[in-house]
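Asker:
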Amino acid sequence: MDLASLIGIAIALAAAAFGFFYDGGNLSLLWSASSFVLVLGGTIGAVTLSLPMKELKNVPKLFKKLFTEQKMDYLGLVNQMEELAGKARREGLLSLEQEIEQVDNKFIARGLRSAIDGVDQSVIGEMLEYDISAMESRHQRGAKIFENAGGYCPTIGIMGTVMHMVVIMTHLNEPHSLGPSISAAFLATLYGVAFANLFFFPFAEKLKAKSKDESLYLTIALEGIIGVQQGMNPVALREKLLVFLSEADRNIEAGGEEINVQKEAEA
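Numbering (the UniProt record's numbering), first residue to last: 1 to 267.
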(Lines of atoms letter the chains of each structure in order from A and count residues from 1; the text may use other names and numbers.)
(Lines give C-alpha, C1' and ligand atoms only; values in the text may rest on other atoms or scores of the structure.)
Protein backbone atom coordinates (compact mmCIF):
# COMPACT_ATOMS: atom_id res chain seq x y z
CA MET A 1 0.00 0.00 0.00
CA ASP A 2 1.34 3.42 -0.97
CA LEU A 3 0.88 5.35 2.27
CA ALA A 4 1.95 8.62 0.65
CA SER A 5 -1.13 8.56 -1.59
CA LEU A 6 -3.48 7.87 1.31
CA ILE A 7 -1.82 10.45 3.55
CA GLY A 8 -1.95 13.06 0.78
CA ILE A 9 -5.67 12.52 0.23
CA ALA A 10 -6.34 12.62 3.98
CA ILE A 11 -4.40 15.88 4.45
CA ALA A 12 -6.08 17.55 1.46
CA LEU A 13 -9.58 16.63 2.62
CA ALA A 14 -8.82 17.54 6.24
CA ALA A 15 -7.47 20.96 5.24
CA ALA A 16 -10.51 21.69 3.07
CA ALA A 17 -12.89 20.55 5.83
CA PHE A 18 -11.10 22.63 8.46
CA GLY A 19 -11.29 25.75 6.32
CA PHE A 20 -15.01 25.24 5.79
CA PHE A 21 -15.98 24.37 9.35
CA TYR A 22 -13.74 27.05 10.85
CA ASP A 23 -15.90 29.66 9.13
CA GLY A 24 -19.03 28.13 10.62
CA GLY A 25 -19.99 25.84 7.77
CA ASN A 26 -22.25 22.84 8.15
CA LEU A 27 -21.54 19.49 6.53
CA SER A 28 -25.01 19.32 4.99
CA LEU A 29 -24.28 22.54 3.08
CA LEU A 30 -21.56 20.76 1.10
CA TRP A 31 -23.80 18.08 -0.34
CA SER A 32 -25.83 18.30 -3.52
CA ALA A 33 -26.67 15.01 -5.20
CA SER A 34 -27.54 16.65 -8.51
CA SER A 35 -24.28 18.62 -8.63
CA PHE A 36 -22.22 15.59 -7.64
CA VAL A 37 -23.75 13.37 -10.30
CA LEU A 38 -23.51 16.09 -12.94
CA VAL A 39 -19.84 16.89 -12.30
CA LEU A 40 -18.52 13.37 -11.75
CA GLY A 41 -20.75 11.77 -14.38
CA GLY A 42 -20.06 14.50 -16.91
CA THR A 43 -16.31 14.19 -16.34
CA ILE A 44 -16.37 10.42 -16.74
CA GLY A 45 -18.42 10.80 -19.90
CA ALA A 46 -16.05 13.39 -21.37
CA VAL A 47 -12.99 11.26 -20.60
CA THR A 48 -14.67 8.19 -22.07
CA LEU A 49 -15.46 10.14 -25.22
CA SER A 50 -11.87 11.38 -25.57
CA LEU A 51 -10.11 8.02 -25.32
CA PRO A 52 -10.26 4.63 -27.07
CA MET A 53 -11.81 1.77 -25.13
CA LYS A 54 -8.54 -0.19 -24.89
CA GLU A 55 -7.03 2.61 -22.80
CA LEU A 56 -10.13 3.02 -20.64
CA LYS A 57 -9.89 -0.66 -19.70
CA ASN A 58 -6.58 0.13 -18.02
CA VAL A 59 -8.11 2.62 -15.56
CA PRO A 60 -8.54 0.01 -12.76
CA LYS A 61 -4.85 -0.89 -13.17
CA LEU A 62 -3.94 2.78 -12.89
CA PHE A 63 -5.77 3.10 -9.57
CA LYS A 64 -4.01 -0.04 -8.36
CA LYS A 65 -0.67 1.47 -9.36
CA LEU A 66 -1.51 4.72 -7.57
CA PHE A 67 -2.14 3.00 -4.26
CA THR A 68 0.50 0.27 -4.50
CA GLU A 69 3.92 1.11 -3.12
CA GLN A 70 6.58 0.85 -5.80
CA LYS A 71 9.98 -0.07 -4.37
CA MET A 72 12.91 0.35 -6.73
CA ASP A 73 16.03 -1.26 -5.30
CA TYR A 74 18.55 0.74 -7.31
CA LEU A 75 21.49 -0.25 -5.15
CA GLY A 76 20.50 -3.90 -5.32
CA LEU A 77 20.45 -3.61 -9.11
CA VAL A 78 23.94 -2.06 -9.12
CA ASN A 79 25.20 -4.91 -6.93
CA GLN A 80 23.59 -7.45 -9.26
CA MET A 81 25.24 -5.94 -12.33
CA GLU A 82 28.60 -5.84 -10.56
CA GLU A 83 28.31 -9.54 -9.72
CA LEU A 84 27.29 -10.43 -13.27
CA ALA A 85 30.19 -8.43 -14.69
CA GLY A 86 32.63 -10.20 -12.38
CA LYS A 87 31.36 -13.64 -13.32
CA ALA A 88 31.37 -12.79 -17.04
CA ARG A 89 35.01 -11.67 -16.82
CA ARG A 90 36.07 -14.76 -14.90
CA GLU A 91 34.06 -17.44 -16.69
CA GLY A 92 32.79 -15.82 -19.89
CA LEU A 93 29.36 -14.60 -20.97
CA LEU A 94 28.02 -18.12 -21.41
CA SER A 95 28.40 -18.66 -17.67
CA LEU A 96 25.49 -16.25 -17.16
CA GLU A 97 23.00 -18.78 -18.58
CA GLN A 98 22.20 -20.03 -15.09
CA GLU A 99 21.91 -16.50 -13.74
CA ILE A 100 19.20 -15.60 -16.26
CA GLU A 101 16.92 -18.28 -14.83
CA GLN A 102 17.02 -16.50 -11.46
CA VAL A 103 16.27 -13.05 -12.88
CA ASP A 104 12.64 -12.04 -12.32
CA ASN A 105 12.76 -8.83 -14.35
CA LYS A 106 11.89 -9.65 -17.97
CA PHE A 107 13.70 -6.55 -19.24
CA ILE A 108 16.99 -7.59 -17.63
CA ALA A 109 16.58 -11.24 -18.62
CA ARG A 110 15.92 -10.27 -22.23
CA GLY A 111 18.97 -8.03 -22.36
CA LEU A 112 21.27 -10.62 -20.81
CA ARG A 113 19.94 -13.31 -23.15
CA SER A 114 20.70 -11.13 -26.15
CA ALA A 115 24.22 -10.44 -24.83
CA ILE A 116 24.90 -14.15 -24.34
CA ASP A 117 23.57 -14.91 -27.81
CA GLY A 118 26.14 -12.52 -29.27
CA VAL A 119 23.74 -9.84 -30.46
CA ASP A 120 25.61 -6.66 -31.37
CA GLN A 121 25.92 -4.12 -28.56
CA SER A 122 24.28 -1.34 -30.57
CA VAL A 123 21.33 -3.60 -31.39
CA ILE A 124 20.86 -4.51 -27.73
CA GLY A 125 21.03 -0.85 -26.77
CA GLU A 126 18.44 0.16 -29.37
CA MET A 127 16.16 -2.73 -28.42
CA LEU A 128 16.21 -1.96 -24.71
CA GLU A 129 15.92 1.79 -25.27
CA TYR A 130 12.84 1.12 -27.36
CA ASP A 131 11.40 -0.95 -24.51
CA ILE A 132 11.97 1.93 -22.10
CA SER A 133 10.48 4.44 -24.54
CA ALA A 134 7.42 2.24 -25.10
CA MET A 135 6.93 1.88 -21.35
CA GLU A 136 7.19 5.64 -20.84
CA SER A 137 4.66 6.19 -23.61
CA ARG A 138 2.19 3.78 -21.98
CA HIS A 139 2.62 5.48 -18.62
CA GLN A 140 2.19 8.90 -20.19
CA ARG A 141 -1.11 7.83 -21.71
CA GLY A 142 -2.24 6.60 -18.31
CA ALA A 143 -1.38 9.91 -16.66
CA LYS A 144 -3.11 11.73 -19.52
CA ILE A 145 -6.42 10.14 -18.54
CA PHE A 146 -6.32 11.90 -15.18
CA GLU A 147 -5.00 15.10 -16.72
CA ASN A 148 -7.96 15.11 -19.10
CA ALA A 149 -10.33 14.53 -16.20
CA GLY A 150 -8.74 17.40 -14.30
CA GLY A 151 -9.18 19.66 -17.30
CA TYR A 152 -12.81 18.80 -17.95
CA CYS A 153 -13.97 18.74 -14.33
CA PRO A 154 -13.91 22.48 -13.44
CA THR A 155 -15.57 23.42 -16.73
CA ILE A 156 -18.35 20.91 -16.18
CA GLY A 157 -18.70 22.30 -12.66
CA ILE A 158 -19.21 25.79 -14.07
CA MET A 159 -21.73 24.36 -16.50
CA GLY A 160 -23.59 22.83 -13.55
CA THR A 161 -23.61 26.15 -11.72
CA VAL A 162 -25.02 27.93 -14.77
CA MET A 163 -27.73 25.29 -15.13
CA HIS A 164 -28.71 25.76 -11.48
CA MET A 165 -28.75 29.54 -11.93
CA VAL A 166 -31.11 29.17 -14.89
CA VAL A 167 -33.53 27.30 -12.64
CA ILE A 168 -33.10 29.86 -9.86
CA MET A 169 -33.90 32.73 -12.23
CA THR A 170 -37.32 31.20 -12.84
CA HIS A 171 -38.11 31.47 -9.12
CA LEU A 172 -37.25 35.10 -8.45
CA ASN A 173 -40.73 35.55 -7.01
CA GLU A 174 -39.60 33.42 -4.05
CA PRO A 175 -36.88 35.60 -2.46
CA HIS A 176 -36.74 33.52 0.72
CA SER A 177 -35.36 30.58 -1.25
CA LEU A 178 -32.78 32.46 -3.32
CA GLY A 179 -29.97 32.28 -0.75
CA PRO A 180 -30.02 28.49 -0.25
CA SER A 181 -30.57 27.92 -3.96
CA ILE A 182 -27.61 30.07 -5.03
CA SER A 183 -25.44 28.41 -2.39
CA ALA A 184 -26.35 24.99 -3.74
CA ALA A 185 -25.70 26.16 -7.30
CA PHE A 186 -22.09 27.00 -6.50
CA LEU A 187 -21.50 23.48 -5.20
CA ALA A 188 -21.15 22.28 -8.78
CA THR A 189 -18.22 24.64 -9.32
CA LEU A 190 -16.77 23.62 -5.96
CA TYR A 191 -16.99 19.93 -6.85
CA GLY A 192 -15.36 20.54 -10.21
CA VAL A 193 -12.41 22.46 -8.79
CA ALA A 194 -12.02 20.08 -5.83
CA PHE A 195 -12.04 16.89 -7.91
CA ALA A 196 -9.54 18.37 -10.36
CA ASN A 197 -7.03 19.80 -7.89
CA LEU A 198 -7.35 17.40 -4.97
CA PHE A 199 -7.56 14.18 -6.97
CA PHE A 200 -7.18 14.11 -10.76
CA PHE A 201 -4.12 16.34 -11.25
CA PRO A 202 -2.25 14.88 -8.24
CA PHE A 203 -3.06 11.37 -9.52
CA ALA A 204 -1.52 12.25 -12.88
CA GLU A 205 1.62 13.65 -11.25
CA LYS A 206 1.95 10.58 -9.04
CA LEU A 207 1.82 8.28 -12.06
CA LYS A 208 4.47 10.39 -13.81
CA ALA A 209 6.74 10.21 -10.77
CA LYS A 210 6.41 6.44 -10.58
CA SER A 211 7.09 6.19 -14.29
CA LYS A 212 10.32 8.19 -13.87
CA ASP A 213 11.44 5.89 -11.07
CA GLU A 214 10.82 2.81 -13.20
CA SER A 215 12.50 4.41 -16.20
CA LEU A 216 15.60 5.16 -14.12
CA TYR A 217 15.69 1.57 -12.90
CA LEU A 218 15.56 0.20 -16.43
CA THR A 219 18.16 2.72 -17.64
CA ILE A 220 20.58 1.53 -14.96
CA ALA A 221 19.85 -2.05 -16.02
CA LEU A 222 20.49 -1.18 -19.67
CA GLU A 223 23.86 0.42 -18.92
CA GLY A 224 24.73 -2.52 -16.71
CA ILE A 225 23.91 -5.09 -19.38
CA ILE A 226 25.99 -3.22 -21.97
CA GLY A 227 28.86 -3.06 -19.48
CA VAL A 228 28.63 -6.79 -18.80
CA GLN A 229 28.70 -7.54 -22.53
CA GLN A 230 31.71 -5.26 -23.00
CA GLY A 231 33.60 -7.09 -20.27
CA MET A 232 33.97 -4.00 -18.10
CA ASN A 233 35.82 -4.22 -14.82
CA PRO A 234 33.14 -4.87 -12.14
CA VAL A 235 34.32 -1.99 -9.94
CA ALA A 236 34.43 0.38 -12.92
CA LEU A 237 30.93 -0.69 -13.92
CA ARG A 238 29.71 -0.15 -10.38
CA GLU A 239 31.17 3.35 -10.34
CA LYS A 240 29.48 4.10 -13.64
CA LEU A 241 26.08 2.91 -12.45
CA LEU A 242 26.31 4.68 -9.10
CA VAL A 243 26.27 7.98 -10.98
CA PHE A 244 22.55 7.41 -11.60
CA LEU A 245 21.81 7.14 -7.87
CA SER A 246 21.11 9.94 -5.44
CA GLU A 247 23.43 10.51 -2.48
CA ALA A 248 20.78 9.05 -0.19
CA ASP A 249 20.68 5.85 -2.24
CA ARG A 250 24.46 5.54 -2.21
CA ASN A 251 24.71 5.70 1.55
CA ILE A 252 22.65 3.08 3.32
CA GLU A 253 22.59 1.44 6.70
CA ALA A 254 23.03 -2.30 7.01
CA GLY A 255 22.92 -3.98 10.41
CA GLY A 256 22.87 -0.57 12.09
CA GLU A 257 26.17 0.42 10.44
CA GLU A 258 26.31 2.98 7.65
CA ILE A 259 28.02 1.77 4.50
CA ASN A 260 29.51 4.25 2.11
CA VAL A 261 29.09 2.66 -1.31
CA GLN A 262 31.64 4.93 -2.90
CA LYS A 263 34.42 3.85 -0.51
CA GLU A 264 33.40 0.21 -0.76
CA ALA A 265 33.83 0.31 -4.54
CA GLU A 266 37.28 1.85 -4.21
CA ALA A 267 38.47 -0.71 -1.66
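Beta carbons: idealized from backbone N, C-alpha and C, even for Gly. Computed from a prediction, not measured in an experiment: that's the story for all the values here.
Quick test of your reading: Gly231 and Val193, contact by CB under 8 Å. State the CB separation rounded to the nearest angstrom.
Answerer: The count along the sequence shown starts at 1 and reaches residue 231 at position 231. The count along the sequence shown starts at 1 and reaches residue 193 at position 193. With 8 Å as the limit, Gly231 and Val193 do not qualify as a contact, their Cβ atoms being about 58 Å apart.
Asker: Name the residue from Leu13, Glu247, Leu237 whose alpha carbon lies nearest to the alpha carbon of Val78.
Answerer: The residue you call residue 78 lines up with position 78 of the sequence shown. Comparing Cα positions, the closest option is Leu237.
Asker: Does the separation of the CB atoms of Arg228 and Met81 fall below 8 Å?
Answerer: Residue numbering aside, residue 228 sits at position 228 when the sequence shown is read from its first letter. Residue numbering aside, residue 81 sits at position 81 when the sequence shown is read from its first letter. According to the sequence displayed, residue 228 carries Val and not Arg. Contact: yes.
Asker: With DSSP as the reference, label Pro71 as helix, strand or coil.
Answerer: Within the sequence shown, numbered from 1, the residue matching residue 71 stands at position 71. Note that residue 71 corresponds to Lys in the displayed sequence, not to Pro. It is coil, neither helix nor strand.
Asker: Roughly how many angstroms separate the alpha carbons of Gly160 and Ser35, rounded to a whole number?
Answerer: Reading the sequence shown from its first residue, position 160 is the one you call residue 160. Reading the sequence shown from its first residue, position 35 is the one you call residue 35. Roughly 7 Å between the two C-alpha positions.
Asker: Cα separation between Ala204 and Glu136?
Answerer: What you label residue 204 is simply residue 204 of the sequence shown in a count that begins at 1. What you label residue 136 is simply residue 136 of the sequence shown in a count that begins at 1. One C-alpha to the other measures close to 14 Å.
Asker: How many angstroms separate the CA atom of Ala14 from the CA atom of Val119?
Answerer: For the purposes of this step, residue 14 is identified with residue 14 of the sequence shown, where counting begins at 1. For the purposes of this step, residue 119 is identified with residue 119 of the sequence shown, where counting begins at 1. Rounded to the nearest angstrom, the two C-alpha atoms are 56 Å apart.
Asker: Whose C-alpha, out of His139, Ala134, Val37, is nearest the C-alpha of Asn58?
Answerer: As a first step, residue 58 must be located in the sequence shown, where it is residue number 58. Ranking the options by Cα distance to Asn58, first place goes to His139.
Asker: With distances taken between CB atoms, is the gap from Ser124 to Ala115 smaller than 8 Å?
Answerer: Working through the sequence shown from its first residue, we reach residue 124 at position 124. Working through the sequence shown from its first residue, we reach residue 115 at position 115. First, the residue type needs correcting, since residue 124 is Ile and not Ser in the sequence shown. A contact, by the Cβ cut-off of 8 Å.
Asker: So is Phe195 buried or exposed if we call it buried at 16+ other beta carbons inside 10 Å?
Answerer: Within the sequence shown, numbered from 1, the residue matching residue 195 stands at position 195. The residue is buried, with at least 16 neighbouring Cβ atoms inside 10 Å.
Asker: Using only CA atoms, which one of Ser183, Ile225, Tyr152, Ala12 lies nearest to Met127?
Answerer: Sequence index remark: in the sequence shown, residue 127 carries index 127 (1-based). For the residues Ser183, Ile225, Tyr152, Ala12, the minimum Cα distance to Met127 belongs to Ile225.
Asker: Count the other C-beta atoms from every protein chain shown that fall within 10 angstroms of the C-beta of Ser183, then say buried if there are 16 or more, exposed otherwise.
Answerer: The count along the sequence shown starts at 1 and reaches residue 183 at position 183. Classification for Ser183: exposed.
Asker: Looking only at C-alpha atoms, which of Ala185, Ala143, Gln70, Ser5 sits nearest to Leu62?
Answerer: Your numbering for residue 62 matches position 62 in the sequence shown. Leu62 has its Cα closest to that of Ala143, out of Ala185, Ala143, Gln70, Ser5.
Asker: Can you check whether the CB of Gly150 is closer than 8 Å to the CB of Phe186?
Answerer: Along the sequence shown, one-based indexing puts residue 186 at 186. Along the sequence shown, one-based indexing puts residue 150 at 150. Their beta carbons are not under 8 Å apart, which means Phe186 does not touch Gly150 by this criterion.
Asker: Would you kindly report the start and end of the unbroken alpha helix (DSSP H) that includes Lys57?
Answerer: The residue labelled residue 57 in the question sits at position 57 within the sequence shown. Lys57 -> no alpha helix (DSSP H), and no H or E assigned at all.
Asker: Assuming contact is defined by CB atoms lying nearer than 8 Å, are Leu218 and Ile132 in contact in what I supplied?
Answerer: Taking the sequence shown and counting its residues from 1, the one referred to as residue 218 is at position 218. Taking the sequence shown and counting its residues from 1, the one referred to as residue 132 is at position 132. It is a contact, given that the beta carbons lie within the stated cut-off.
Asker: On a CA-only basis, which of Ala85, Tyr130, Arg250 is nearest Leu112? Give me that one, please.
Answerer: Here the question's residue 112 lines up with position 112 in the sequence shown. Minimum Cα distance to Leu112 is reached at Ala85.
Asker: Measure the alpha-carbon distance for Leu207 versus Thr68 and round it to whole angstroms.
Answerer: Here the question's residue 207 lines up with position 207 in the sequence shown. Here the question's residue 68 lines up with position 68 in the sequence shown. Whole-angstrom Cα-Cα distance: 11 Å.
Asker: Determine the DSSP secondary structure at Phe63, reduced to helix, strand or coil.
Answerer: Residue numbering aside, residue 63 sits at position 63 when the sequence shown is read from its first letter. Residue state, collapsed to three classes: helix.
Asker: For Leu172, does the three-state DSSP call read helix, strand or coil?
Answerer: What you label residue 172 is simply residue 172 of the sequence shown in a count that begins at 1. Coil.
Asker: Smallest Cα separation from Asp73: which of Val235, Asn173, Ser215?
Answerer: Here residue 73 refers to the residue found at position 73 of the sequence shown. Among Val235, Asn173, Ser215, the Cα nearest to that of Asp73 is on Ser215.
Asker: State buried or exposed for Ser211, treating a residue as buried only when at least 16 other CB atoms are found within 10 Å of its CB.
Answerer: Position 211 of the sequence shown, counted from the start, is the residue given in the question as residue 211. So Ser211 counts as buried.
Asker: Pro234 and Gly8 look like a contact to me (Cβ under 8 Å); what is the Cβ gap, rounded to whole Å?
Answerer: Here residue 234 refers to the residue found at position 234 of the sequence shown. Here residue 8 refers to the residue found at position 8 of the sequence shown. Not a contact, Cβ separation roughly 41 Å.
Asker: Considering Cα atoms alone, identify which of Asp2, Ala109, Asn26, Leu93 is closest to Ile100.
Answerer: Translated into positions along the sequence shown, residue 100 becomes position 100. Per the Cα distances, Ala109.
Asker: Out of Asp23, Leu245, Asp213, state which residue places its alpha-carbon closest to the alpha-carbon of Gln70.
Answerer: As a working note, residue 70 is residue 70 in the sequence shown. Answer by Cα proximity: Asp213.
Asker: DSSP three-state call for Gln230: helix, strand or coil?
Answerer: The count along the sequence shown starts at 1 and reaches residue 230 at position 230. Helix.
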